[in-house]
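Its first residue numbered 192, the sequence shown is counted upward by one per residue in this note's numbering. Here the structure is laid out as structure tokens; the discussion comes afterwards.
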Amino acid sequence: MTNTNVLDSVSAMAKRRGYIYPSSEIYGGLANTYDFGPYGTELKENVRRLWWDRFVRSRQDMFGIDSSIIINPSVWEASGHVAAFGDIMVEDKVTRKRYRADHIIEDFAETADISEDEKHELRKVDGKPANELQAIIEKYSIKSPDGNDFTQARKFNQLFETSIGIIEGDKNKAYLRGEIAQGLFINYPNILDSMHPKLPFGIAQAGKAFRNEITKGQFTFRTLEFDLMEFEYFFDPDNQNWNDLFEYWKSEIEDFALSCGIKKDNIRWRPHEEFELSHYSKRTEDLEYNFPWGFKEMFACAYRTDFDLANHSKNSGKDLSYRRDDGSKVIPHVIEPTFGLSRFITILLMDAYREEEINGKKRTVLGLSPKIAPVKAAIFPLQKDEKLLELARNLHKSLLTDFNCELENKGNIGKMYRRHDEIGTPFCITVDYDSLQDLSVTIRDRDTMQQTRIKLDEVKQYINNRIQ
């Protein structure tokens, strides 16, 4: 299966099986917006809960918060986002369509009749300034997808603007948050005052961010709104080596991805070159996933130094230093692990998707890790017999206390197996007439298709053992 076919197959499956839908589709949709369906929502919540349990609840040095989406616009000015948060865009002079300049150049590199060395250089344009991107477009006479010339490359801010107030002409400008990090930084003094932590410690949250993205139609890779999971880990730069901390959190980030079932061969770490670094970062590395269009960011780790706290202290007039035990003060430095949850859901679907041929028939399987699968088990009564249905309903009710499962009786067993293979359900349980006599059921494993006979009172433990 080609890379393009994989993306097409996964996006079609995601819609068909209730994972991800194009948003507002009955009105023709809206570019770069998607809705999560029942299974997508459950999968997202499972990953979020796994992340929260690992990085927040199980640690003594991490504090979770939920900050506001709309905050004082001065925060974004102090953080540098109003001045520096944007993409370099070009516009088709005829159609007026806008494109990211780096994407246009990267697409050109894939098909252009140029040397491999030139292609390699053109694939590394992300983060270059407008004048350099413009020079490349002019050097290679790159045209728009419609064959037209472009306007000059220039920067567009990605922050979504909104207004506070109801009287036209008397409204105050505000922004939808472009990242969730600033909500963590401005709550740093609140955590100091209320929780009295000792350095090092972290502040974490999971929530939505918004960016005015112009994308290339790569499903949910870039969207107007998306879920992030992130924390800022504050430390004393005089007492801890930032490189050691950086490597520690890199290891934790990668291990989390692998624990969710991502194949190690499909990920790699890539350090940002100096021209790519964000305005706040001294060092950033992306944990990239091998998408159909190449390796691109999945998660990231950044060393933000004291950029944010120092700027917020200066602009707010508040002392954001940390008082050491000896009475001296320090502005903590920060390591920031970032996990793009919305993008990660699509990655999980792509990584788990496979097509097999069994006895001449195609079987589509979503091999999700059982710990994050939206449905852990599906229960099938063999016939629409009230005695079988009652036993199945009782089993379903019993299992629901531990994990999400479904009771289904909508066709023959083979079709129900295939449906739940594609949904990613790890275990299918058949209740048959023998179950009425021996109080046992047949459990089928999604990946091996092997069937095991298990006593009813052992089913929950059997599945729980395999989920863990």
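By construction, the Cβ of each residue, glycine as well, lies at the ideal position given by its N, Cα and C atoms. Keep in mind it's a predicted model, so treat the numbers as computed, not measured.
Beta carbon of residue i nearer than 8 Å to that of residue j
i	j	result
residue 427	residue 523	yes
residue 413	residue 600	no
residue 257	residue 398	yes
residue 596	residue 568	yes
residue 591	residue 570	no
residue 623	residue 633	yes
residue 520	residue 494	no
residue 187	residue 270	This structure does not reach residue 187, given that the chain is present from 192 up to 659, and the question cannot be answered.
residue 417	residue 534	yes
residue 410	residue 198	yes
residue 316	residue 333	no
residue 363	residue 356	yes
residue 526	residue 424	yes
residue 466	residue 346	no
residue 492	residue 528	yes
Secondary structure of residue i, DSSP reduced to three states
i	result
residue 347	strand
residue 352	strand
residue 671	There is simply no residue 671 to check, as the chain begins at 192 and stops at 659 in what is shown.
residue 279	strand
residue 400	strand
residue 260	coil
residue 448	helix
residue 484	coil
residue 541	helix
residue 287	coil
residue 525	strand
residue 316	coil
residue 599	coil
residue 331	coil
Close beta carbons around residue i, own chain, < 8 Å, minus the five adjacent residues each side
i	result
residue 265	506 and 507
residue 457	480, 481 and 542
residue 627	578, 579 and 582
residue 660	Within the shown structure, residues of the chain are numbered from 192 to 659, placing residue 660 beyond reach of any answer.
Beta-carbon contacts of residue i that lie in its chain and below 6 Å, excluding the five residues immediately before and after
i	result
residue 556	545 and 612
residue 402	349 and 369
residue 242	420
residue 226	212 and 214
residue 261	365
residue 267	273 and 366
residue 642	633 and 635
residue 547	554
Residues near residue i in its chain [Cβ-Cβ closer than 7 Å; skip 5 each side]
i	result
residue 239	397, 420 and 532
residue 468	475
residue 561	567, 617, 657 and 658
residue 221	214 and 215
residue 644	631 and 633
Paired residues, beta bridge with residue i - DSSP
i	result
residue 632	645
residue 199	DSSP output for residue 199 lists no bridge partner at all.
residue 363	355
residue 244	Answer is none; residue 244 lacks a bridge partner.
residue 621	571 and 633
residue 535	Residue 535 pairs with nothing; no bridge assigned.
- Task: Report yes or no: do three or more beta-carbon pairs, one from the region 200-217 and one from the region 227-237, lie closer than 8 Å?
- Result: yes
- Query: Taking contact to mean at least 3 C-beta pairs separated by less than 8 Å, is the region 478-487 in contact with the region 437-457?
  - Reply: yes
- At least three beta-carbon pairs within less than 8 Å, the region 571-587 to the region 480-495: no
- Item | Meets three-Cβ-pair contact criterion under 8 Å: the region 195-205 and the region 509-518 | no
- Message: Does the region 449-457 come into contact with the region 300-309, if we say contact requires no fewer than three beta-carbon pairs (one atom in each stretch) closer than 8 Å?
- Response: no
- Is the region 281-288 touching the region 337-344, taking contact as three or more C-beta pairs under 8 Å? yes
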